[in-house]
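Visitor:
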């Protein structure tokens, strides 16, 4: 890999890590300050639909949190997991394309 591509990848990785690190500011702190609620939750409440979140919880990261850890840490861990999944899919797809 030539040095210009390495610098680009290093800058991209730095940006991704910085965005993951500041995600709790927007997802937890500012959301609480402005009273943000998910639009689907607002619509369900307006239609008087029951909250089935606890009954149909299929994810271990409900609302990007991890039980026993502060919400801010959950956001960061969920961000890393999401980036790793996307990166893994990208590597897998690039290898599949390279084979053909």
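Residue numbers (my numbering): 3 to 102.
Positions of the beta carbon are idealized from the N, C-alpha and C atoms, including for glycine.
From the DSSP output, in three-state form, read off residue 92 for me.
Guide: Three-state result, residue 92: helix.
Visitor: With distances taken between CB atoms, is the gap from residue 78 to residue 22 smaller than 7 angstroms?
Guide: Yes, the pair counts as a contact, with Cβ atoms nearer than the cut-off.
Visitor: Extract the residue ranges of the alpha helix (DSSP H) inside the segment 22-81, only unbroken runs of 4 or more that lie entirely within it.
Guide: 32-36, 41-48, all fully within the segment 22-81.
Visitor: Do residue 30 and residue 74 have their beta-carbon atoms positioned less than 7 angstroms apart in this structure?
Guide: Yes. Within cutoff.
Visitor: Check this for me: beta carbons of residue 76 and residue 67, under 7 angstroms apart or not?
Guide: Yes; because the gap between Cβ atoms is below 7 angstroms, this pair is in contact.
Visitor: With a CB to CB cut of under 6 angstroms and the five nearest residues on each side skipped, what residues in its chain are close to residue 25?
Guide: Here the set comprises 77, 81.
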